[in-house]
Amino acid sequence: MTAEELLQRYAAGQRDFQCVNLSNEVLSWADLTGANFSGANLSGVILNWANLSQVKLRCANLSNSDLNWANLERADLQGANLSGAEVSAANLKEADWSGAIMPDGTILSEHNDSQDCRFLSWLVRFFRQENKYDF
């Protein structure tokens with residue numbers, strides 16, 4: 154599926170895009186609120202500045218994708234593969250990262266009551282390793 158076809162279908166009211174292949178497509182600034190991309194191949198997709206609030210990305214392949222400045226508020230990223238993805242300045246409020254593979258390859262625990270704390274602990278660990286910051 155192309156980015157243009159996806160946006161046309163979304164505009165027509167479709168929200169279920171499970172298992173679609175959008176690898177290497179450009180969806181900058183797209184509003185895809187509430188769409189279901191569970192199991193989709195989104196590797197290398199450019200989603201910077203996209204509105205992905207309440208989007209289902211369970212077990213989606215987001216490896217090497219650009220999520221800089223994307224709105225992922227309340228997104229379901231359980232089991233998603235984010236290895237090599239860029240997530241700078243993304244809105245990650247209340248996103249569910251259970252079992253996700255983070256950009257550095259770290260796999261987050263599936264059993265933790267605090268979603269935000271789990272992601273923040275990965276972020277602090279990442280900066281400590283990569284940038285040698287002392288928190």
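Per my numbering: the sequence shown = residues 154 to 288. Virtual Cβ for every residue (Gly too), placed ideally from N, Cα, C. Since the model is a prediction, treat every value here as computed from it, not as a measurement.
From the DSSP output, read off the bridge partner residues of residue i.
{"i": "residue 214", "result": "194 and 234"}
{"i": "residue 209", "result": "189 and 229"}
{"i": "residue 224", "result": "204 and 244"}
{"i": "residue 174", "result": "194"}
{"i": "residue 169", "result": "189"}
{"i": "residue 257", "result": "In the DSSP output, where bridge partners are listed per residue, residue 257 has none listed."}
Cβ atoms of residue j and residue i: under 8 Å apart, would you say?
{"i": "residue 213", "j": "residue 197", "result": "no"}
{"i": "residue 186", "j": "residue 206", "result": "yes"}
{"i": "residue 194", "j": "residue 174", "result": "yes"}
{"i": "residue 230", "j": "residue 243", "result": "no"}
{"i": "residue 177", "j": "residue 204", "result": "no"}
{"i": "residue 199", "j": "residue 180", "result": "yes"}
Please state the DSSP three-state secondary structure of residue i.
{"i": "residue 157", "result": "helix"}
Please classify residue i: is it buried, with 16 or more other beta-carbons within 10 angstroms of its beta-carbon, or exposed?
{"i": "residue 258", "result": "exposed"}
{"i": "residue 154", "result": "exposed"}
{"i": "residue 105", "result": "With the chain running from 154 to 288 in the structure shown, residue 105 is simply not present."}
{"i": "residue 232", "result": "buried"}
{"i": "residue 246", "result": "exposed"}
Let me see if you follow: with CB-CB separation under 8 Å, is residue i close to chain D or not?
{"i": "residue 216", "result": "Structure shown: chain D not included; a single protein chain is present."}
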